[in-house]
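In what follows, a single structure is set out as structure tokens and then discussed.
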Amino acid sequence: MKILITDADSRKAYDIINILKNVYNYDLILFSSSGIRFPLPLIYGQKVYKLRSDNSDEFTRDLNSALDEERETDGNFCYMAVSETPTLQLYGYLERKEKYSAAINSLLPDIDSFQLARNKKIFQEYCETHSLPVPRSYNGKIISDLQKEFRPVIAKLNIGAGSVGMKYVEEKEQLYLLEDIDHSEYLVQEKIESDRKIYGAFYLCKNGELISYHGHRRIRTFPEKGGVTVYSKADYNPEIRDAGADLLKRLNWNGFAMIEFMYDLRDHTWKIIELNPRLWGSVMLSEFCNASLLENYVRLCSGEQPVQEPIETERFIRWIFPFDLLNLIKGKIRVAEFFRLNRHNTCYINFTYGKWHKNLIFLLFFTFNSRSITRYFKKVFS
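Plus 23 on top of the position in the sequence shown (first one is 1) and you've got the numbering used here.
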């Protein structure tokens with residue numbers, strides 16, 4: 024069985040591909056939405072197919088063309104949800120019963136659950152309806168409500184990742200920040216009062232039943248507010264595990280899920296912040312701490328039994344370049360702390376599971392392009 028991996032030009036897929044190839048020796052079929060850009064076949068040592076996801080016709084044509092070339096005797100493939108856009112196109116491909124739909128094995132939630140998870144406002148409404156612990160949200164009368172009884176809030180785009188588009192209203196005088204947003208496209212939540220950082224909980228499920236799980240505790244992010252995790256520690260919290268498993272059981276979930284939690288000091292409970300229905304940037308920690316989410320996904324798609332090993336909680340993951348380097352440049356960490364590598368217990372994003380020369384080529388490819396350079400400068404000087 025060959026595994027279909029999209030977004031081969033992304034730093035997340037780079038680690039996924041290296042784990043599946045270098046640790047498990049799986050056969051992979053790689054795709055990039057931008058087509059066969061020069062460094063990718065050199066980096067991966069194999070062909071990288073174009074897979075356009077802007078419309079269903081292009082997606083179907085590109086996928087069929089690649090599978091025509093790659094199909095072998097058994098004709099089976101395993102699809103992993105690396106990102107949302109091609110996964111949405113795959114739902115349509117399977118529903119239309121296109122050429123290879125019967126040959127593609129996957130663990131995906133039903134389309135309604137997938138759409139619910141990726142839309143923060145719809146997900147918030149679902150949790151409120153089912154009395155699940157989430158931060159309080161505000162409706163269209165938000166500004167007048169907060170004028171009467173102010174509390175800090177965060178406005179987030181319904182569909183979006185990271186800190187893009189987020190607005191923080193820390194004081195009553197900042198309510199003007201909410202006047203210009205399109206409230207149909209934003210979820211406005213109270214800001215949780217907490218002495219702990221966001222907790223990431225990572226699940227693999229089949230028909231709502233928990234197969235594999237681990238968590239991580241954030242140590243450092245970039246930027247500090249709403250930024251990506253650049254340093255975290257593996258963890259195993261049964262209370263959080265069970266809270267997330269209950270939610271996923273209600274949704275009869277299939278496949279990967281990442282749930283973010285935050286501890287609320289006011290009522291001493293863990294609150295669900297969001298649910299992501301695809302693989303996440305720190306997925307390599309699941310391999311490093313023995314949770315084996317990637318391996319077990321392939322095993323389930325192949326009809327094999329999953330493996331279960333004790334979780335190693337004294338394991339860390341770090342995104343040293345470029346974002347922890349940016350923390351150093353901005354004076355958020357000391358030089359000695361930056362160079363405290365702890366190699367035995369720490370895995371490094373885009374380094375640990377790859378070969379050093381390919382890591383270097385990929386980092387040059389991923390980092391030094393006009394889009395990335397512009398983004399980094401904005402983060403440094405913001």
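Just so it is clear, CB atoms sit at the ideal spot from N, CA and C, and this is done for glycine as well.
Helix, strand or coil at residue i according to DSSP, with G and I counted as helix
{"i": "Phe137", "result": "helix"}
{"i": "Trp379", "result": "helix"}
{"i": "Ser167", "result": "helix"}
{"i": "Phe311", "result": "helix"}
{"i": "Tyr204", "result": "For the sequence presented, residue 204 should be read as Ile rather than Tyr. If DSSP states are grouped into helix, strand and coil, Ile204 belongs with coil."}
{"i": "Leu271", "result": "helix"}
{"i": "Lys179", "result": "strand"}
{"i": "Arg264", "result": "helix"}
{"i": "Asn368", "result": "coil"}
{"i": "Lys35", "result": "helix"}
{"i": "Leu198", "result": "helix"}
{"i": "Leu53", "result": "strand"}
{"i": "Phe225", "result": "strand"}
{"i": "Tyr259", "result": "coil"}
{"i": "Gln69", "result": "coil"}
{"i": "Val211", "result": "strand"}
{"i": "Glu151", "result": "helix"}
{"i": "Thr244", "result": "strand"}
Sub-8 angstroms separation of residue i and residue j beta-carbons
{"i": "His239", "j": "Ser305", "result": "yes"}
{"i": "Phe100", "j": "Lys25", "result": "yes"}
{"i": "Ser309", "j": "Leu317", "result": "yes"}
{"i": "Ile177", "j": "Leu201", "result": "no"}
{"i": "Arg311", "j": "Arg341", "result": "According to the sequence as given, residue 311 is Phe; it is not Arg. Cβ distance not < 8 angstroms, so Phe311 and Arg341 don't count as in contact."}
{"i": "Ala224", "j": "Gly267", "result": "yes"}
{"i": "Asp72", "j": "Ile40", "result": "Strictly speaking, residue 72 in this sequence is Tyr, with Asp absent from that position. Taking 8 angstroms as the Cβ cut-off, Tyr72 and Ile40 do not qualify as a contacting pair."}
{"i": "Ala257", "j": "Ile145", "result": "no"}
{"i": "Pro300", "j": "Phe54", "result": "no"}
{"i": "Met281", "j": "Ile372", "result": "no"}
{"i": "Asp347", "j": "Phe245", "result": "yes"}
{"i": "Asn319", "j": "Pro329", "result": "yes"}
{"i": "Tyr222", "j": "Asn181", "result": "no"}
{"i": "Ile134", "j": "Lys381", "result": "no"}
{"i": "Leu131", "j": "Ala104", "result": "yes"}
{"i": "Cys150", "j": "Ile42", "result": "no"}
{"i": "Leu113", "j": "Tyr102", "result": "yes"}
{"i": "Gly98", "j": "Ala140", "result": "no"}
{"i": "Asn62", "j": "Ile384", "result": "Strictly speaking, residue 62 in this sequence is Pro, with Asn absent from that position. Against a cut-off of 8 angstroms, the Cβ pair of Ile384 and Pro62 comes out as a contact."}
{"i": "Phe344", "j": "Leu387", "result": "no"}
Cβ-Cβ separation, residue j to residue i (assumed contact under 8 angstroms), whole Å
{"i": "Val321", "j": "Tyr49", "result": "6 angstroms"}
{"i": "Leu271", "j": "Tyr226", "result": "6 angstroms"}
{"i": "Ile215", "j": "Pro158", "result": "6 angstroms"}
{"i": "Glu121", "j": "Thr83", "result": "6 angstroms"}
{"i": "Val192", "j": "Tyr161", "result": "The Cβ separation is near 10 angstroms, so there is no contact."}
{"i": "Leu198", "j": "Leu233", "result": "Not a contact, Cβ separation roughly 42 angstroms."}
{"i": "Phe173", "j": "Lys195", "result": "4 angstroms"}
{"i": "Tyr376", "j": "Asp91", "result": "30 angstroms between Cβ atoms; not a contact."}
Spatial distance of residue i from residue j (CA atoms)
{"i": "Gly354", "j": "Val253", "result": "15 angstroms"}
{"i": "Gln147", "j": "Arg273", "result": "15 angstroms"}
{"i": "Lys70", "j": "His153", "result": "47 angstroms"}
{"i": "Gly249", "j": "Arg241", "result": "12 angstroms"}
{"i": "Ser315", "j": "Tyr259", "result": "14 angstroms"}
{"i": "Ser76", "j": "Arg289", "result": "44 angstroms"}
{"i": "Asp32", "j": "Pro109", "result": "14 angstroms"}
{"i": "Ser217", "j": "Tyr286", "result": "6 angstroms"}
{"i": "Leu142", "j": "Ser56", "result": "Per the sequence shown, the amino acid found at residue 142 is Asn instead of Leu. Answer to the nearest angstrom: the Cα atoms are 23 angstroms apart."}
{"i": "Arg219", "j": "Thr292", "result": "12 angstroms"}
{"i": "Ile28", "j": "Trp303", "result": "14 angstroms"}
{"i": "Ala36", "j": "Asp30", "result": "6 angstroms"}
{"i": "Ala89", "j": "Phe391", "result": "29 angstroms"}
{"i": "Ser79", "j": "Phe389", "result": "27 angstroms"}
{"i": "Thr336", "j": "Glu247", "result": "24 angstroms"}
{"i": "Leu323", "j": "Glu93", "result": "22 angstroms"}
{"i": "Ser350", "j": "Asp265", "result": "In the sequence as displayed, the identity of residue 350 is Asn instead of Ser. Between Asn350 and Asp265, the C-alpha separation is close to 34 angstroms."}
{"i": "Glu327", "j": "Tyr47", "result": "15 angstroms"}
{"i": "Arg366", "j": "Lys378", "result": "16 angstroms"}
{"i": "Gly188", "j": "Glu95", "result": "45 angstroms"}
{"i": "Glu360", "j": "Lys171", "result": "45 angstroms"}
{"i": "Tyr21", "j": "Glu107", "result": "This structure cannot settle anything about residue 21, because the visible part of the chain is limited to 24 through 405."}
{"i": "Lys229", "j": "Ser235", "result": "10 angstroms"}
{"i": "His206", "j": "Glu213", "result": "15 angstroms"}
{"i": "Arg243", "j": "Arg363", "result": "14 angstroms"}
{"i": "Cys370", "j": "Ser255", "result": "10 angstroms"}
{"i": "Trp276", "j": "Gly231", "result": "4 angstroms"}
{"i": "Gly68", "j": "Arg34", "result": "17 angstroms"}
Min CB distance residue i to chain D below 8 angstroms
{"i": "Ile28", "result": "Judged by its chain identifiers, the structure shown contains no chain D, having just a single protein chain."}
### Every unbroken alpha helix (DSSP H) within the region 280–361, with a cutoff of 4 residues, ordered by chain
307–311, 316–324, 348–352 and 358–361
### Query
Can you list, in chain order, the stretches of the beta strand (DSSP E) that have 3 or more residues and sit fully within the region 79–139?
100–102 and 127–129
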